[in-house]
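Residue numbers (UniProt numbering): 1 to 343.
Below you can see the structure in the form of structure tokens.
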């Protein structure tokens, strides 16, 4: 059953613990305490892949893993995949999802890029994943070989943060298991307001990007696909080419709203070293295009010894930074197939 309602989700967990005798009532109190709820944030295309034709894939994942899996409805560009079970059943389900994504990548890529997934984690548990002075997250990275990034800001209208994990199949599976263990040992504190994806109304000043025949509007950290009827509000667009930004606000010559053109800030993101080449492009062509289109200053740091990630520093106005980050992630998405926006 598809759902994305926090109240309904809580009811599901109650039913799992109390109202399903064949699955739970015959278990000991200790076994029930080991049940964990994991939420994954996915794009519609990713969800379609794990559901499969006629729901065959998701049925197989549920049956073979033993995990309870529910997917939020499909009226939003992003969807929540909620999995409930023990670490063993959750790990089995996660492994099968990752394997499906790798199989999909093999059909479109000659070189298999890292698999990237986003977990939605209560902010009160993120500290345990990071550890004192970042010690725990560093340990996870070193022992699994996966890239782990905890978003600095909470997801909109929630008390949850995105934890992005990326790596090869074995690495990301091991990383997921370690994060599950941490979450089980460090339950959330206080009330958790869950993140619920919404079809956001397009704000007037948000930039619009055209890529591969689809329009996307940058809203915060996400790129939201726009239906054709919403584009009518922005007037004729026949003269716009692929990848060109359109803004509805009065613009300065540099393409920024007049009242924001002088504000400067900086943002640092982390990109897997395996993907940095597709951002730079041959002879630096792609990174030059991103700099020119966004107006932002972009610096890519050298690879630190023992690290698998590169630090990318983006400087400029908030709009320039936002647009540059979107273009970078869009470039990665076009390389590996599909739309992938990470933190």
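Even glycine gets a Cβ: it sits at the ideal position worked out from N, Cα and C. None of the values given here were measured: they were computed from a predicted structure.
Residue range 87 to 108 is occupied by the alpha helix (DSSP H) that includes residue 89. A distance of 8 angstroms or more separates the beta carbons of residue 146 and residue 127. Between the alpha carbons of residue 111 and residue 125 lies a gap of roughly 35 angstroms.
Within a 10 Å sphere around the beta-carbon of residue 135 sit fewer than 16 other beta-carbons, which makes this residue exposed. Residue range 160 to 167 is occupied by the beta strand (DSSP E) that includes residue 161.
DSSP, read as helix, strand or coil, puts residue 154 in coil.
With respect to residue 149, residue 270 sits close: the two C-beta atoms are nearer than 8 angstroms. For residue 54, the three-state secondary structure derived from DSSP is helix.
A direct Cα-Cα distance of roughly 7 angstroms separates residue 302 from residue 310.
Cβ atoms of residue 177 and residue 288 stay farther apart than 8 angstroms, at about 41 angstroms. Secondary structure note for residue 308: it is in no alpha helix (DSSP H), with a DSSP letter that is neither H nor E.
The C-beta distance from residue 37 to residue 84 rounds to 5 angstroms, short enough to meet the 8 angstroms contact threshold.
Bounds of the beta strand (DSSP E) holding residue 268 are 265 to 272.
Cα atoms of residue 54 and residue 41: separation of roughly 22 angstroms, rounded to the nearest angstrom.
With 16 or more other CB atoms across the displayed protein chains lying within 10 angstroms of its CB, residue 100 is buried. In this structure, the beta-carbon distance from residue 163 to residue 140 does not fall below 8 angstroms.
Ranked by how close their Cα comes to the Cα of residue 51, the residues 143, 66, 70 and 34 have 70 in first place. Check the Cα spacing between residue 321 and each of 307, 296 and 332: the tightest is with 296. Taking C-beta atoms under 8 angstroms as the contact rule, residue 98 and residue 172 qualify, at a distance of about 6 angstroms. Here the alpha carbons of residue 138 and residue 280 stand approximately 27 angstroms from one another.
Across the structure, residue 319 and residue 304 are spaced so that their CA atoms are roughly 29 angstroms apart. Beta-bridge analysis with DSSP links residue 132 to no other residue.
In this structure residue 144 is buried. Its beta-carbon is surrounded by 16 or more other beta-carbon atoms within 10 angstroms.
DSSP, reduced to helix, strand and coil, places residue 323 within a helical segment of the structure shown. 265 is the residue among 95, 265, 308 and 306 whose C-alpha sits nearest the C-alpha of residue 298. Under DSSP, residue 113 forms no beta bridge with any residue. Secondary structure note for residue 286: its alpha helix (DSSP H) is the uninterrupted segment 285 to 294.
Going by DSSP, residue 277 is part of the alpha helix (DSSP H) stretching over 276 to 280.
Secondary structure at residue 315: strand, using DSSP grouped into helix, strand and coil.
For residue 37, the enclosing beta strand (DSSP E) starts and ends at 36 to 43. Taking the C-beta atoms as reference points, residue 194 is found no nearer than 8 angstroms to residue 72.
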